[in-house]
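S.K.:
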Amino acid sequence: MKNFHVAIIGGGVIGSAIAWELSKYKLNVVVFEKGIDVAFGTSKANSGVVHSGINSPTGSLKARFCVEGNKMLQPLADKLGFPLKWVGKYVIAKNEDETKELERLIKVGKDNGVPGLEIKDRKDVKVKEPNVSCYKALWVPTAGIISPYEFTIAFAENAAENNVNFLLETEVIDLRKVENYFLIKTNKGEFQSQILVNAAGLNCRKIVSMLEEPDFDIYPCRGEYLVLDKNYSNLVNSMIYPVPPKKLGVLGVHITPTVEGPTILGPSAEFIGDPKDKRTTKEKMTTLFNEAKEIIPSLPEKAVINAYSGIRCKLASPEEGGWADFRIEESKQTPGLINLLGIESPGLTGAPAIAKEVTRMISNSIELKTKTDFKTRKIKEKRFSEMNAKEQSDLIKKDKQWGRIICRCEHVTEAEVIKALSNPIGAQTLSSVKYRCRAGMGRCQGGFCTQHIVRIMEEQFNVDVNNMKLKSSNSNLFYGRTREKEND
Amino acid sequence: MVEQGRKKMINLDTDVAVIGAGPAGLAAAISARENGAKNVIILDRNSWLGGILPQCIHDGFGVEETGTSMTGPEYAEMYIKTAEKQGITFLNETMVLQFDKNRKIIAANKKGLHEIKAKSIVLAMGCREKTRWNVMIPGDRPSGIYTAGVAQAFINLYNIMVGKNVVILGSGDVGLIMARRLKFEGANVLGVVEILPYASGLPRNVVQCLDDYDIPLYLNHTVTYIKGRERLESVTIAQVDEKMNIIPETEKEIKCDTLLLSLGLIPENELSRNVEIEIDDVTGGPAVNQSFETSLSGVFACGNCLQVYDTVDVLAMDAKKAGKNAVQNTINKSKCVTVKAGKGIRYVVPQRINEPGKIHFTLRVEKPHESPTLRVIAGDKELLKKKLPWANPANMVEFDVNISAETIKSTDTLEVLLDD
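If you want it as structure tokens, here you go:
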């Protein structure tokens, strides 16, 4: 049995950010992730938006961590190398009536300490966003976009490089508090830890209930998205949000550029019974498209190349209005159990600030000593597709694997695929590759590159074809070989 | 061909550069060489030559062209041998990143970045398969969903089995051929689902790949839902009415672990779009003149990146013409006749004519017809009136029309139409 100072349940953005923050100190830390890779739950399926803090009531934890997290992101991006762009956002009012709502958002924003908010006339908006139709709009300069999975992966991988243990496909089955430590039973054996951090996202209630009677319920709320082909990336320059709908505690269907190029439309908001039900529906695909078309009349239907959904972990039912604050607290009943409950939007933006707060809470029970040998990440390596000819040429001369393009849509090279497969947390699914280097994310959706990636996995990483997975333990890609390999 | 080392990039000069080493690229390159081009380079992103042919192990290739039925690899071999004999340069595992209006190509391979100056370029990039998202099938996102061509590559090139209980959506030729192929490998092929009232692949493939093996073909049906959180567990199929709306209460769930998609092909023209070559919205390929020259002088197009062909034979014969014309560099002229797809016609290639002579046309009709009449009209003159035994969107129609210098001078539009 292994002993840890801190055990974190959940390798989403919150668990990974906490792991990274803790990896700066002389601690034994473990992360249990039941999925096959980090960021494979809600953390990968959201809008990828860095919020400014105009949407949460003043004094709430949501407002506080959003504004704090927002300020921490640029230095972090410089350090960890995840993509981040300050594109700003327009909240658009369709008529005079909705303009009042913009005034209210400005007031909340100012109270929360959000700088630079301004109401713009239709004409000013047209100059910046020629395809958008509106009456007036609120300009939010401190809103940005981020790759939510690369953000999470960067935290996790750098934490792993600094000796945090990431145990993938490891599900916590039972928990017991014995004297002053936790006994953690998983499908991969038993572990002990002094502090237990519950960052299990949609499963946060299940984890609490293993130790005590939870005093809350969770209400999963699905959001569906549509992804547009890169050819339509120039439709918008900034994020375009409607005035938030009055119910459900969501922000409404918005048009969001992504750091990688494609624009996304969404999300819908639908309370569902089963938190694992990440289906996409014909009905929502149609509504999303139509709502976006109201904002951008020229949006062509054939622009859509993909659809996905993610599930929000809400602590308030639709009857209660769907809005509740984050809960970030040590259990009174079970000391040492730190719960992160209902971390939905703006949790992605708030993650680094939340991680700091959790670290502070841990320092109440464990003395934190800074590591002297903390390994920072190498400066962000540009993607091949982002380099100029000289950089490309130089790299190929240094390492010829940079000269073989594996993914033709996104121009991802063999070197980049190999690097993705060599990640320090040991995730080797097809999706793990896709989320790290974008191979398979383009318009042909893996039509050309899948066979080449499979060959690389087989030949350079000795992965048996029967063990190749798409995105989870039982999502096998193949059923063996049709015949034994010939010796040629 | 001169290789210079003065810059960072590897510099090459050539008469004709062909992008893509599939059947179209090979045929065009050989023809360019035979018609006087001194230097011909073929660039291809794969390590092998022949494009998709090596994975097409069924026969039927080359019948119209050579009188002999060959398998895909045999057919490819025939061209590869000729190309090698003629001293054509192959750059394999070489990805063309872009080319510009002056026909300067930038390409990458393991030796480095190449800058290739070509007098003419022949585009032969082929096509890609439509995915689940081109038809937006709702549901879960499990593993076990493959486009038919990807599944064919895994089975035929790597001996890797993609599934055991298979449903195929779309009755394109690759889908039909894969139905039979999977049956041979012991898979249970549960049916081919086609939204149209007729199969979209060749009739001979319906007989030889489905009927002969008792594989059901569900016409007027589509897949309405995909279920399975990890590996595919089932698909729901339903009947559609004439407007392709789903008929309620006809939905039924079919348990399966694999869904193959044969939804059609999209010509690959990112390189062409990048340099603002005019693209025909219907074919998805460059609009060309009778010489297969695109709107950018000195750049020619052939094969499936021009239009999706039915058979490799017709494709190769057209590609040879494109290769031959590429030797002459450019024939684009300001005065040309625009070819219009009229009543009953989906598209016509070429889209422009600027030289008189016997012009070869290819077209597709919009829907099936029994003994229709094909007409070609220029102004008030009827240039062709031809009774066809039948016409079907799955079969490309070919015909020749003599076009005079006078017609080119006096008319702006040539209309091709179909009368019942």
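Residue numbers (the working numbering), protein chains in the order written: chain A, 24 to 511; chain B, 66 to 485. Positions of the beta carbon are idealized from the N, C-alpha and C atoms, including for glycine. What you are looking at is a predicted structure, and each value in this text was computed from that prediction instead of being measured.
1) For threonine 303/A, which three-state DSSP category applies?
2) Starting from the Cα of lysine 492/A, find the closest Cα among Ala450/A, Arg461/A and Ser368/A and give me that residue.
3) Among Asp120/A, Val220/A, His277/A and Glu433/A, which has the Cα closest to the Cα of alanine 40/A?
4) Per DSSP, serine 332/A is paired with what?
5) State the Cα-Cα distance for the pair arginine 71/B and methionine 410/A, rounded to the nearest angstrom.
6) What does DSSP give as the partner residue(s) for tyrosine 502/A in the beta ladder?
7) Check the Cβ-Cβ distances between cysteine 227/A and every residue of chain B, and say whether any is below 8 Å.
8) Short of 7 Å in beta carbon distance, which residues of its chain neighbour alanine 100/A, apart from the five on each side in sequence? Order them along the chain.
9) Could you spell out where the beta strand (DSSP E) holding methionine 265/A opens and where it closes?
10) Taking only runs of the alpha helix (DSSP H) that begin and end inside the region 51-117 of chain A, which ones reach a length of at least 4 residues, in chain order?
11) Of all the options Asp422/A, Asn26/A and Ile441/A, which has the alpha carbon lying nearest to the alpha carbon of lysine 208/A?
12) Just how far apart, CA to CA, sit glutamate 463/B and threonine 212/B?
13) What distance in whole Å lies between the Cβ atoms of leucine 249/A and leucine 288/A, which are believed to be in contact at a cut-off of 8 Å?
14) By how many angstroms is the C-alpha of tyrosine 172/A removed from the C-alpha of glutamate 142/B?
15) Could you give the DSSP three-state label for alanine 160/A: helix, strand or coil?
16) Who are the Cβ neighbours of isoleucine 442/B in its own chain at under 6 Å, not counting the five residues just before and after it?
17) Using a Cβ-Cβ cut-off of 6 Å (strictly less than) and excluding sequence neighbours within five positions of arginine 245/A, which residues of its own chain qualify?
18) Quick one: which unbroken beta strand (DSSP E) runs of 3-plus residues sit fully inside the region 383-447 of chain B? Chain order, please.
19) Since alanine 183/B is in the beta strand (DSSP E), which residue starts that stretch and which ends it?
20) Please list, in chain order, the chain A residues whose beta carbon lies closer than 9 Å to that of leucine 305/B.
21) Give, in chain order, every residue of the region 222-237 of chain B whose Cβ lies closer than 8 Å to some Cβ of chain A.
22) Would you report the Cα separation of valine 67/B and methionine 74/B, rounded to the nearest angstrom?
23) At a Cβ threshold of 8 Å, is methionine 243/B touching chain A?
24) Quick one: which chain A residues come within Cβ less than 8 Å of valine 19/B?
25) Are the CB atoms of valine 364/B and arginine 98/B nearer to each other than 8 Å?
26) Under 6 Å Cβ to Cβ from alanine 384/B, same chain only, skipping five residues before and after it: list those, please.
27) Enumerate in chain order the residues of its own chain whose CB-to-CB distance from arginine 427/A is below 7 Å, with the five nearest sequence positions on each side excluded.
28) For alanine 440/A, I'd like the list of residues in its chain whose CB is within less than 7 Å of its CB, leaving aside the five on either flank, ordered along the chain.
29) From what residue to what residue does the alpha helix (DSSP H) around phenylalanine 155/B run?
30) Quick check: the region 48-68 of chain A against the region 345-356 of chain A, are at least 3 beta-carbon pairs closer than 8 Å?
31) Checking contacts by CB at 8 Å: is asparagine 174/B closer than that to chain A?
32) Just tell me which of Phe249/B, Ile233/B, Lys248/B and Gly293/B has its CA closest to the CA of alanine 264/B.
33) Under 8 Å Cβ-Cβ, which residues of chain A neighbour methionine 309/B?
34) So, is glutamine 120/B buried or exposed, given that buried needs 16 or more other C-beta atoms within 10 angstroms?
35) With the cut-off set at 8 Å, would you say proline 280/A and serine 256/A are in Cβ contact?
36) Going by C-alpha to C-alpha distance, which of Ala160/A, Val155/A and Leu191/A sits closest to glycine 38/A?
M.R.: The short version:
1) Threonine 303/A falls in the strand class under three-state DSSP.
2) Ranking the options by Cα distance to lysine 492/A, first place goes to Ala450/A.
3) Nearest C-alpha to alanine 40/A: Val220/A.
4) Checking the DSSP bridge columns, you'll see serine 332/A partnered with Glu247/A.
5) For arginine 71/B, the predicted model reports a pLDDT of 43, less than 50, meaning its position is unreliable; a value from the coordinates is still stated below. Arginine 71/B and methionine 410/A have their alpha carbons spaced roughly 21 Å apart.
6) Answer by DSSP bridge pairing: none, since tyrosine 502/A is not bridged.
7) Taking 8 Å as the threshold, the shortest C-beta distance from cysteine 227/A to chain B does not fall below it.
8) Here the set comprises Leu107.
9) Per the sequence shown, residue 265/A should be read as proline rather than methionine. 262-265 is the span of the beta strand (DSSP E), which, as asked, contains proline 265/A.
10) Correct list: 84-103.
11) For lysine 208/A, the nearest C-alpha among the options comes from Asn26/A.
12) Between glutamate 463/B and threonine 212/B, the C-alpha separation is close to 29 Å.
13) Yes, leucine 288/A and leucine 249/A are in contact; Cβ-Cβ is about 4 Å, under 8 Å.
14) Roughly 45 Å between the two C-alpha positions.
15) If DSSP states are grouped into helix, strand and coil, alanine 160/A belongs with the strands.
16) Beyond the five residues adjoining it in sequence on each side, isoleucine 442/B comes within less than 6 Å, by CB distance, of Glu480 in the same chain, given in chain order.
17) Here arginine 245/A has Glu293, Ile295, Ser332 and Ile334 as same chain residues with Cβ atoms under 6 Å from its own Cβ, once five neighbours each way along the sequence are excluded.
18) Here the runs fully enclosed are 402-406, 410-414, 422-430 and 438-443.
19) Here the beta strand (DSSP E) through alanine 183/B covers 177-188.
20) Just to set this straight, residue 305/B is valine in the shown sequence, not leucine. Within chain A, no residue has its CB atom less than 9 Å from the CB of valine 305/B, the nearest being about 13 Å off.
21) Result list: Leu222, Tyr223, Asn224, Ile225, Met226, Val227, Gly228 and Lys229.
22) With a pLDDT of only 41 at valine 67/B, under the threshold of 50, the placement of this residue in the model should not be trusted; the figure read from the coordinates follows. Between the alpha carbons of valine 67/B and methionine 74/B lies a gap of roughly 13 Å.
23) Judged by the 8 Å Cβ criterion, methionine 243/B is not in contact with chain A.
24) In the structure as shown, chain B starts at 66 and stops at 485, and residue 19/B therefore has no counterpart that could be examined.
25) For valine 364/B and arginine 98/B, no; Cβs fall outside 8 Å.
26) For alanine 384/B, where only same-chain residues beyond five positions count, the Cβ hits under 6 Å are Ala89, Ala92, Ala93, Cys367 and Gly368.
27) Taking C-beta separations shorter than 7 Å and ignoring five residues to either side along the sequence, the partners of arginine 427/A in its chain run Thr436 and Glu437, following chain order.
28) Checking the sequence shown, residue 440/A turns out to be valine, not alanine. Answer for valine 440/A: Ile429, Val456, Cys460, Ala462, Ile476 and Ile479, listed in chain order.
29) Taken as a continuous stretch (DSSP letters only), phenylalanine 155/B belongs to no alpha helix (DSSP H), being part of the beta strand (DSSP E) at 154-156.
30) Output reads no: the region 48-68 of chain A does not touch the region 345-356 of chain A.
31) The Cβ of asparagine 174/B sits closer than 8 Å to at least one Cβ of chain A.
32) Comparing Cα positions, the closest option is Ile233/B.
33) Under a criterion of Cβ atoms nearer than 8 Å, no residue of chain A is adjacent to methionine 309/B; the nearest Cβ is some 13 Å distant.
34) With 16 or more other Cβ atoms inside 10 Å of its own Cβ, glutamine 120/B counts as buried.
35) It is a contact, given that the beta carbons lie within the stated cut-off.
36) With distances taken between CA atoms, glycine 38/A lies nearest to Leu191/A out of Ala160/A, Val155/A and Leu191/A.
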